[in-house]
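*Asks:* Residue numbers (our numbering), protein chains in the order written: chain E, 1 to 259; chain P, 1 to 214.
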């Protein structure tokens, strides 16, 4: 498909005998912000991690800007790409993790600059300049020399977003990035993400933050039991849910926590 | 006391030998430990089995027996080796096994998320190891590494039994001649203690230095 940053074609994955992804297909176009919602165990995080091959998938194809991720078809048979090829493609898709995963032994500036220097082979000065700019963009310019351990969760997550942006990726994957944060820190991270959406970054987001999804997603995908049950615009999904499954899921969210 | 002072030149030679044996064995054991740990973790099934076989054998045989085997049995196998070089090799091979475990455990202790973050910025495995994992693993490895080095230093004393003139051997010679065990062996013990104590202090210093959490 033209203009597709990420194409997921009929992807299936098994953990042993348990099928966790069942012929899942969807597309994320350039500049689109797609949010995946669903109950736990629906496979949404697994699907996200298949896109940059942190999880393997046994069937189907995932195309990053038209190029097949992880596997090639060689004479009709599925062949795994080399480690170098996979690494090159991974560099095109940034990822922000639920547990931030910053490198604790280096300053946040170096955290952000490391990828550009070692993977993109940018000269150190240029990488540092880019990193400084990005840290300013996420509101942490004055903490450039701090170690990750000295920062709050919300600050660390913003550094993680800067680190992903530093690679000039074609798309960024967000894996429940606010789920591990104290509630009062969630907002500062969502602010940065909102800005990215408005700047036209291609994003694939797994989240439980329904208000964010409703306000800023271009498209919402609802998954359950390893399948896409329904997808559409935020209006369609939240105002006119068609499937019973989605209706039940949204009902639980509207009701909130019940004793 | 006068005896001790008169024995100083001899004992000093012994201390130098002990230090040399220890340093050489530590260097060899460290390098081989690192290489074998990486082989065991990332070398594929053949290398892994080879390394694990080596580890099982070493863990099952006392260092003294290995030293005897080298010294007495090696000539029968056609290997001519002097006790000094042979001693270093045997001690390095023996403690190399412990070093392998130290490094392997340290590398494995680094959280999986660090690997994933490295992959996400396009690093291949070797790059992740060098730039992300290694320094974090060093912090974990420091205490057991220093402990193993201390064990090496004490282990070198066994070469006395195959007639190598380290400080233990020299001490024993002097005592047999002079029948003054307390002064001489007391001094020898103190030498080992000082060396090992200083090494442990170095270890504590390194631990603090690597502690980026603070």
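Just so you know, even glycine gets a beta-carbon here, dropped at the ideal spot from N, CA and C.
This one's a predicted model, so the numbers in the text were calculated from it and none came from an experiment.
Taking 9 Å as the CB-CB cut-off, is residue 20 (chain P) touching chain E?
*Replies:* Residue 20 (chain P) sits at position 20 when you count from the first residue of the second chain. Answer no: the Cβ-Cβ gap between residue 20 (chain P) and chain E never drops below 9 Å.
*Asks:* State yes or no: is the beta carbon of residue 12 (chain E) nearer than 9 Å to at least one beta carbon in chain P?
*Replies:* Your numbering for residue 12 (chain E) matches position 12 in the first chain. No, residue 12 (chain E) does not count as interfacial toward chain P.
*Asks:* Run down chain P in chain order and give the residues with a C-beta less than 9 Å from the C-beta of residue 97 (chain E).
*Replies:* For the purposes of this step, residue 97 (chain E) is taken as the residue at position 97 of the first chain. Neighbours of residue 97 (chain E) on chain P, chain order: 113, 116, 117 and 120.
*Asks:* Spatial neighbours of residue 72 (chain E) within its chain, please: CB distance less than 7 Å, with the 5 preceding and 5 following residues excluded, ordered by chain position.
*Replies:* Counting from one through the first chain, the residue named residue 72 (chain E) turns up at place 72. Here the set comprises 79 and 81.
*Asks:* Is it a yes or a no for the segment 122–134 of chain E touching the segment 102–113 of chain E, going by three-plus beta-carbon pairs under 8 Å?
*Replies:* yes
*Asks:* At what residues does the alpha helix (DSSP H) containing residue 191 (chain E) begin and finish?
*Replies:* Locating residue 191 (chain E) in the first chain gives position 191, counting from the first residue. First-last of the alpha helix (DSSP H) with residue 191 (chain E): 183–198.
*Asks:* Can you name the start and end residues of the alpha helix (DSSP H) that residue 129 (chain P) belongs to?
*Replies:* Start at 1 with the first residue of the second chain, and residue 129 (chain P) comes out as number 129. Counting along the chain, residue 129 (chain P) falls outside any alpha helix (DSSP H), and DSSP gives it neither H nor E.
*Asks:* Taking the beta strand (DSSP E) that residue 18 (chain E) falls in, what are its first and last residues?
*Replies:* Stepping through the first chain from its first residue, residue 18 (chain E) is reached at position 18. Here the beta strand (DSSP E) through residue 18 (chain E) covers 18–29.
*Asks:* Rounded to whole angstroms, what's the CA-CA distance from residue 90 (chain E) to residue 97 (chain E)? Just pull it up for me.
*Replies:* The residue labelled residue 90 (chain E) in the question sits at position 90 within the first chain. The residue labelled residue 97 (chain E) in the question sits at position 97 within the first chain. Cα to Cα, the separation comes out at about 14 Å.
*Asks:* Got a sec? Which residues, its chain only, sit under 6 Å from residue 25 (chain P) by beta carbon, not counting five neighbours each side?
*Replies:* Your numbering for residue 25 (chain P) matches position 25 in the second chain. Excluding sequence neighbours, residue 25 (chain P) sits near 88, 91, 92 and 152.
*Asks:* Could you say which of P:10, P:31 and P:58 lies nearest to residue 145 (chain P) if we only look at CA atoms?
*Replies:* Residue 145 (chain P) sits at position 145 when you count from the first residue of the second chain. Minimum Cα distance to residue 145 (chain P) is reached at P:31.
*Asks:* Between the C-alpha atoms of residue 141 (chain E) and residue 132 (chain E), what's the straight-line distance to the nearest angstrom?
*Replies:* Translated into the one-based positions of the first chain, residue 141 (chain E) becomes position 141. Translated into the one-based positions of the first chain, residue 132 (chain E) becomes position 132. So the alpha carbons of these two residues sit roughly 6 Å apart.
*Asks:* Note down, in chain order, each residue of its chain lying with its Cβ closer than 8 Å to the Cβ of residue 104 (chain E), except the 5 sequence neighbours on either side.
*Replies:* Taking the first chain and counting its residues from 1, the one referred to as residue 104 (chain E) is at position 104. The answer, listed in chain order, is 147, 148 and 149.
*Asks:* Check the Cβ-Cβ distances between residue 127 (chain P) and every residue of chain E, and say whether any is below 9 Å.
*Replies:* Within the second chain, numbered from 1, the residue matching residue 127 (chain P) stands at position 127. Cβ-Cβ to chain E under 9 Å: yes for residue 127 (chain P).
*Asks:* Would you mind sorting residue 103 (chain P) into buried or exposed? The rule is 16 or more other CB atoms within 10 Å of its CB.
*Replies:* As a first step, residue 103 (chain P) must be located in the second chain, where it is residue number 103. Buried.
*Asks:* Would you list, in chain order, the members of the segment 26–53 of chain E that have their beta-carbon closer than 7 Å to a beta-carbon of chain P?
*Replies:* 52
*Asks:* What are the complete beta strand (DSSP E) segments, minimum 3 residues, inside the segment 97–183 of chain E?
*Replies:* Given a length threshold of 3 residues, each whole run of the beta strand (DSSP E) inside the segment 97–183 of chain E is given here in chain order: 171–175.
*Asks:* Using the three-state DSSP reduction, which class does residue 57 (chain E) fall into: helix, strand or coil?
*Replies:* Residue numbering aside, residue 57 (chain E) sits at position 57 when the first chain is read from its first letter. Three-state result, residue 57 (chain E): coil.
*Asks:* Relative to chain P, which residues along the segment 105–126 of chain E have a C-beta separation below 7 Å, given in chain order?
*Replies:* Within the segment 105–126 of chain E, the residues whose Cβ lies closer than 7 Å to some Cβ of chain P are 105, 114, 115, 118 and 119, listed in chain order.
*Asks:* Would you grab the beta carbon distance between residue 140 (chain P) and residue 15 (chain P) for me? Rounded to a whole angstrom, and I think it's under 8 Å.
*Replies:* Sequence index remark: in the second chain, residue 140 (chain P) carries index 140 (1-based). Sequence index remark: in the second chain, residue 15 (chain P) carries index 15 (1-based). The Cβ separation is near 33 Å, so there is no contact.
*Asks:* So if I threshold CB-CB distances at 8 Å, which residues from the segment 92–105 of chain P count as touching chain E?
*Replies:* none
*Asks:* Can you tell me which of E:223, E:48, E:225 and E:119 puts its alpha carbon nearest to the alpha carbon of residue 64 (chain E)?
*Replies:* Here residue 64 (chain E) corresponds to residue number 64 of the first chain, with the count starting at 1. If we check each option's Cα against that of residue 64 (chain E), E:48 comes out closest.
*Asks:* Under a CB-based cut-off of 9 Å, is residue 28 (chain P) close to chain E?
*Replies:* Numbered from 1 along the second chain, position 28 holds the residue referred to as residue 28 (chain P). No, no contact with chain E.
*Asks:* Apart from the five residues on each side of it in sequence, which residues of its chain come closer than 7 Å, Cβ to Cβ, to residue 117 (chain E)?
*Replies:* Along the first chain, read from residue 1 onward, the residue named residue 117 (chain E) stands at position 117. 124 and 127.
*Asks:* Return yes when the Cβ of residue 37 (chain E) is within less than 9 Å of the Cβ of residue 221 (chain E), no when it is not.
*Replies:* Counting from one through the first chain, the residue named residue 221 (chain E) turns up at place 221. Counting from one through the first chain, the residue named residue 37 (chain E) turns up at place 37. Residue 37 (chain E) is positioned such that its CB atom lies closer than 9 Å to that of residue 221 (chain E).
*Asks:* Under 8 Å by Cβ, that's how I've got residue 22 (chain E) and residue 60 (chain E) pegged, so tell me the actual separation to the nearest angstrom.
*Replies:* As a working mapping, residue 22 (chain E) is identified with position 22 in the first chain. As a working mapping, residue 60 (chain E) is identified with position 60 in the first chain. About 10 Å separates the CB atoms of residue 22 (chain E) and residue 60 (chain E); that is not less than 8 Å, and the two are not in contact.
*Asks:* For residue 273 (chain P) and residue 212 (chain P), I'd like the C-alpha separation in whole angstroms.
*Replies:* Nothing can be reported for residue 273 (chain P), as the shown portion of chain P is limited to 1 through 214.
*Asks:* Under three-state DSSP, which class holds residue 242 (chain E)?
*Replies:* Position 242 of the first chain, counting from 1, holds the residue named residue 242 (chain E). Three-state DSSP puts residue 242 (chain E) in coil, outside helix and strand.
*Asks:* Just to confirm the assignment, what range does the beta strand (DSSP E) spanning residue 231 (chain E) have?
*Replies:* Taking the first residue of the first chain as 1, we reach residue 231 (chain E) at position 231. Start and end: 227–232.
*Asks:* Do residue 139 (chain E) and residue 181 (chain E) come within 9 Å of each other at the CB atom, strictly closer than that value?
*Replies:* To locate residue 181 (chain E), count along the first chain from 1; it is residue 181. To locate residue 139 (chain E), count along the first chain from 1; it is residue 139. In this structure, residue 139 (chain E) does not lie closer than 9 Å to residue 181 (chain E) by Cβ.
*Asks:* Residues of chain P with CB closer than 8 Å to the CB of residue 84 (chain E), please, in chain order.
*Replies:* As a first step, residue 84 (chain E) must be located in the first chain, where it is residue number 84. Simply 124.
*Asks:* Using 10 angstroms around the beta-carbon of residue 65 (chain P), count the other beta-carbons present and answer buried if the total reaches 16, otherwise exposed.
*Replies:* Indexing the second chain from 1 puts residue 65 (chain P) at position 65. Exposed: under 16 other Cβ atoms inside 10 Å.
*Asks:* Measure from the C-beta of residue 173 (chain P) to each C-beta in chain E and report whether the shortest distance is under 9 Å.
*Replies:* Position 173 of the second chain, counted from the first residue, corresponds to residue 173 (chain P). It does not: the Cβ of residue 173 (chain P) has no partner Cβ on chain E nearer than 9 Å.
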